[in-house]
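Residue numbers (the working numbering), protein chains in the order written: chain U, 1 to 94; chain R, 1 to 233; chain L, 1 to 599; chain Z, 1 to 233.
Every residue gets a Cβ at the ideal spot worked out from N, C-alpha and C, and that includes glycine.
Reading through the structure tokens given below for one structure.
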Amino acid sequence: MTTEAHTQGEHHDPPYMIIFGVLLVMTLAEVGYAFLSLPKVWLAVGLCVMAIWKAILVALYYMHLRWEPPRLWVLVAVPLPLVVILIVAVLTEF
Amino acid sequence: MTSHAHAVHGDMMVPDQTFEPGMRIYNMKLGMWVFLLSEVMFFTSLIGTYIILRFAHPDHFADPGVVLNVTLTAFNTFFLICSSVTMVKAFAAIQKGDQKGLKLWLLATIVIGAAFVGIQAVEYATLAEEGFVPAAAEYHAVGRAAHEAGAAGAAGAEAPIVGGPLYGATFYTMTGFHGAHVSIGVLCLIFVLIRAMRGSYTAADHRGVELIGLYWHFVDLVWIILFTIVYLI
Amino acid sequence: MATTAATSGHHDTDTEHHHKLGFIRTYIFSTDHKMIAKQFLIVSLLFLLLGGLLAGLVRWQLGFPGQPIPFIGGLFSDTTAPGGIVLPEFYNALVTMHATFMIFFAIMPLLVGVWGNFLIPLQIGAPDMAFPRLNTASFWISVPAGFLMLASFFVDGGAAGAGWTAYAPLSANSEYSGVHMGQILWLVSLTILGFSSITGAVNYVTTVINMRAPGMTWFRLPLPVWALFITSWLLLLAIPILTGGLIMLLFDQTIGTGFFNAPTDGEPLLWQHIFWYFGHPEVYILILPAMGLVSEVISNRSRKPIFGYHAMVIAIASIAFLGWVVWGHHMFQSGMNPLLGTTFMISTIVIAVPSAIKTFNWMGTLWRGDIHFDAPMLHALAFVSMFVIGGLSGIFMASAPVDIYIHDTYFIVAHLHYVLFGGSLFGIFAGITFWFPKMFGRMMSPTLGKIHFWLTFVAYNAVFFPMHNLGLKGHMRRIYDPNQYEFLQPLQGLNTFITIAAFVLISSQLIFAVNFFWSMYAGEKAVQNPWKSNTLEWTAAGHPPGHGNFPGGTPRVHRGPYEYSSPKSTDDFLPQIVPPDRVLRPAVPHEPSPLVTGD
Amino acid sequence: MENWSWLLDQSASTVGPEIDRLYYWILWITGIVFVATEVTLVWFLVKYRHREGRKAEYIHGNTKVEIVWTAVPAVIVLWIALASRSLWAEIKDPAHIPPNSMRVLVTAKQFEWNVTYPGPDEELGTGDDFTVRNRLDIPMGRPTALLLQSEDVIHSFFVPLFRLKQDVVPGMDTHMWFEPTRTGVFPIGCAELCGIGHTRMRGTLTVHAAADYQTWVNEQLPAPPAPPAPPAP
Ligand code: HEA
Ligand code: HEA
Ligand code: CUA
Ligand SMILES: [Cu+2]
């Protein structure tokens, strides 16, 4: 069986190194972008987009979410609306 | 993917077949995911507080690089990302039953993880002596530039105080609890490494490695967010 | 926790337990979910008792303000109640600790800790929890939390006195409250307790998703399991929010950070948002499991399928979800943005709808049933009727303008006791009296059970119903001597009446305690399936079953849990395990099974 | 026991009757729902109590009735919500404060209410302001707008007979406005737990006829006021 697992494993070994490269580049991009003289809003939005994108990459490839059953995706998505609800609602206060 | 590869052989990496089909992943993996969801909420309360307080009192917070040392932390971020790669490498290795690879990559992960914590400790120390502290009463951060200028900090003392108490409080709470998570992760990794030495993991059953991997990547993921909103925005 | 999560249960498939275990492994550090349930039961009943006694002191001060506490008055220190006369700061501590013990150390563990552990594996046909060791941990983590909370009575400055809601800055700075160590212990204790809840929740969620017996599809799950499953999600996602808040408050109180402290531009309202974002899901954590237990009892004791099973499940789910978007209704008068108030008012009031569905479905279940009035059923029916009162009083407060007047008055106190005592606690009593035979192998005395019920039911209403009227006269909460307000002086008679009723209520609980312990050793031996129930736990041999629950291996499930009075069966019930081809024969053996082991 | 009543004492502010009307509406609705549910419940219990030889009917539900008893409450409660909206805005939304109202500053601290009057020039924060302790005096026939501030913890300014309550939060301005409908002396209470002295944080609100109000103001002007409220026992 190990041999089979071998071949199987090699077949689908996810593109770990590529993702690594992407993460690295995006981190550099972020640092660069952060020091551009743009209006704060643009900086914030741009940086958040990049950060979330990176986070998604980690979840999909390093945490293998991409190869997990869809129902796990649903499970994992549960807290996300709650996060948004809390922060957005309270922000309207101040 | 691989779990399907193994599913054929009915090994430990798939759910117990005697039960009604559930999540289609084995219990401990499901448990770890569920636990990570609660971690998401925990960090939400801390990061949310930061976002809200910063939004309510922008004057308390400094622009990137003024108080915090972005270059240093950028390196640290780089480290943490590396440690994620070494971690998946360890996982990929044991999937193929490669014991040596497993141990080497685990060791690498531990070393890099420890380095991250170490650098963070150094960062804290310097920041603290620059007057950037959580306690509202003692807060008197005056910004890196001023410090580099005034050697003995004498000139620094005259420079205007940057930001306010909320800055220190939120900064240390968020990064501190992240650091704690990394440290716990390192300890667990050491534990896993020891078991790996004993050869407890095989291509058919390497749940321990996968679990600690999930946790480790999650901590990395949190840092990606933290680094952006704390150091760069 | 990561360590345990990542490494525990490499022996999940529990072969380690089949040989005889020593005393320690059986009674102290047991990994058997049934024993852990019992541990939770005993400990949290003691905390319930403590909470009740604290309430007694609160009531004494309100009923007989400034008069020395009788009998035990002399025992109090000069910083609490010199000569038995309660000091204001001690009163604040009493109220705070009463609520803290009741909510976090009594009702929560009684519902989630006890029934989550006992019922989930048994009712879904699993040999044990997914992570037995994590389960043990979850109980033993909660014990030090309890001790810390108790210790806070004895540190100088006394126990926390900022209310169970611990509003900052009062709770954030001892200059304002005079309480430092007590508040710290309160915060640390609840933080620790949070870990216990989360480890538990992880276990329940995993178990329900991955360890249901073959044939136990989602819509064949007994309602208690559904309720506990969804409650676990609430715990999982709400507790960490509180933990984060507690930690920040702890920093404010200790190292002088300024999260919620005005002088440092911190935001007092932020604490309220964090607390109630946890707090409202929390109150549903305290009612949903009780609803589950009650559904089971009502369906069983009226020998009739639960009315609208799917609707019931959907109602639980939607209550749970709506519970996340209503927290602001506790903050209508807090200075929160009024527009936000409007939104919260609407979302809050909508929760009446799923609650209506549940209420009416319970009544639909009784309709044309064959109703047996045993102790469990009486408590279950009390739950329904009392929850309706508590819920309807919620509607007054949900209407923000009306809440302007009744906020922070005894109307709220009445509401919360109607839902928490009339709801949660009656649900718990129903559960204990119903599953006692399964837990301890003996029946509770029906006579004592009924006496306890009627005394409790009457006294309870005498205590809490008049509180509505106090509130409507403007009687504020958390004041230790109403008579200091002239306009409240005419209410003293009512307050005294409430206090006397409260003492009747508290003393009648003695009957329960006696019944509980006496039946444990001397009660009539329970037969295999005393309530002629359909669900798996009663068909698992033994009271309680030995390790592994189902000696014959995982049972196979053939139908839903509430097939009572089905024409298919000669008897008026049809257990989930009975295969279709054996249906017409009498369903289950009634004589106690030889396999009775009892831990 | 004489006060065992569901009726509210007669209110003394313009918004009072509106709040009371809403309250009585809800009292009727919930009262009817309450009686209906409990009576039906008891009726079922009696009618379907266990009798030998009778078997329960095998019924799983009935979609039609379930839809009905979902829809009806939904309509009712939504009506309640809508009925409440405008009144809520009228009372709490600062935009609705009548422009002609007399502005008064109320500063709460453990455990007293300090009320600062604008003085003749109608301007707060000018030389002719004067402050009294634990009492608020206002004229008939003119709305009053309070600016509420706290020096220490959260308090709550509560005037039962005006049906009004508003938390007073440190570091934050909150507002309350009202117009009395009759002269007299009304109790003020603190409704938010604010520490040891929470119970004794009382005051009185006196509504004068317009003329008497002027005389009262004039009395206050020269000499600093003696605190009229009784010291706490
Ligand atoms: C088990 C706990 C529990 C439960 C289930 C509830 C249920 C509800 N609660 Fe309650 N609540 C508390 C525990 C609970 N509450 C506590 C502890 C506090 C005080 C906290 C503190 O400050 O210390 C509180 C405080 C509280 C407040 C804040 C009051 C204030 O401080 O000013 C409000 C305001 O809206 C509120 C509303 C509601 C509503 C609308 C429901 C609804 O879910 C009720 C829905 C149920 C029904 C409506 C009855 C059944 C339905 C029918 C019979 C159908 C017909 C009905 C109609 C047509 C109306 N609650
Ligand atoms: C589930 C929660 C719960 C329960 C059961 C109770 C039960 C009681 N409560 Fe409590 N109460 C709260 C939750 C609860 N309370 C909360 C959240 C608050 C708000 C606090 C705040 O403002 O911060 C509050 C506040 C509160 C106040 C308002 C104080 C104030 O605002 O100044 C009062 C005053 O009368 C009061 C009285 C009582 C009384 C007389 C009981 C009686 O019902 C007690 C009866 C006795 C028991 C229930 C014990 C029974 C014991 C057993 C059955 C165990 C038997 C033993 C063994 C088998 C070992 N409570
Ligand atoms: Cu001020 Cu209570
Ligand atoms: Cu609520």
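Secondary structure of residue i, DSSP reduced to three states
i                      : result
residue 58 of chain Z  : coil
residue 194 of chain Z : coil
residue 38 of chain U  : coil
residue 47 of chain Z  : helix
residue 29 of chain L  : coil
residue 221 of chain Z : coil
residue 155 of chain R : Here the model assigns residue 155 of chain R a pLDDT of 48, short of 50, so the residue's position is not dependable and the matter cannot be decided.
residue 8 of chain Z   : coil
Chain L within 7 angstroms of residue i, Cβ atoms only
i                      : result
residue 93 of chain U  : yes
residue 79 of chain U  : yes
residue 90 of chain U  : yes
residue 242 of chain R : Residue coverage of chain R in this structure runs from 1 to 233, which leaves residue 242 of chain R outside it and unanswerable.
Any non-hydrogen atom of ligand 3 within 6 angstroms of residue i CB
i                      : result
residue 190 of chain Z : yes
residue 198 of chain Z : yes
residue 475 of chain L : no
residue 176 of chain Z : no
Nearest to residue i (by Cα), restricted to the options the options
i                      : options                       : result
residue 371 of chain L : Z:29, Z:23 and Z:55           : Z:55
residue 190 of chain R : R:69, R:112 and R:24          : R:112
residue 211 of chain L : R:18, R:89 and R:117          : R:18
residue 550 of chain L : L:559, L:561 and L:538        : L:538
residue 29 of chain R  : R:233, R:228, R:231 and R:208 : R:208
residue 155 of chain Z : Z:182, Z:34, Z:188 and Z:123  : Z:188
residue 579 of chain L : L:291, L:399, L:214 and L:184 : L:214
residue 46 of chain L  : L:479, L:192, L:258 and L:147 : L:147
residue 314 of chain L : L:176, L:241 and L:358        : L:358
N- and C-terminal bounds of the alpha helix (DSSP H) containing residue i
i                      : result
residue 576 of chain L : Premise fails: residue 576 of chain L is in no alpha helix (DSSP H) and is neither H nor E.
residue 321 of chain L : 309-322
residue 565 of chain L : Per DSSP, residue 565 of chain L belongs to no alpha helix (DSSP H) and is neither H nor E.
residue 88 of chain U  : 79-91
Proximity test, residue i beta-carbon vs ligand 5 heavy atom, cut-off 6 angstroms
i                      : result
residue 468 of chain L : Absence of ligand 5 from the depicted structure is noted, with ligand 1, ligand 2, ligand 3 and ligand 4 being the only ligands included.
Short CB-CB distance (under 7 angstroms) between residue i and chain U
i                      : result
residue 273 of chain L : yes
residue 324 of chain L : yes
residue 337 of chain L : yes
Test: residue i CB closer than 7 angstroms to a CB of chain Z
i                      : result
residue 164 of chain L : no
residue 357 of chain L : yes
Cβ of residue i within 7 angstroms of any chain R Cβ
i                      : result
residue 205 of chain L : yes
residue 265 of chain L : yes
residue 497 of chain L : no
residue 582 of chain L : no
Bounding residues of the beta strand (DSSP E) (the contiguous stretch that carries residue i)
i                      : result
residue 138 of chain Z : 135-139
residue 113 of chain Z : 112-117
residue 156 of chain Z : 155-159
Residue i Cβ short of 6 angstroms to ligand 4 heavy atom set
i                      : result
residue 280 of chain L : yes
Residue i: CB within 6 angstroms of a non-hydrogen atom of ligand 1
i                      : result
residue 388 of chain L : yes
residue 171 of chain L : no
residue 51 of chain U  : no
residue 397 of chain L : yes
residue 34 of chain R  : no
Residue i: CB within 6 angstroms of a non-hydrogen atom of ligand 2
i                      : result
residue 442 of chain L : no
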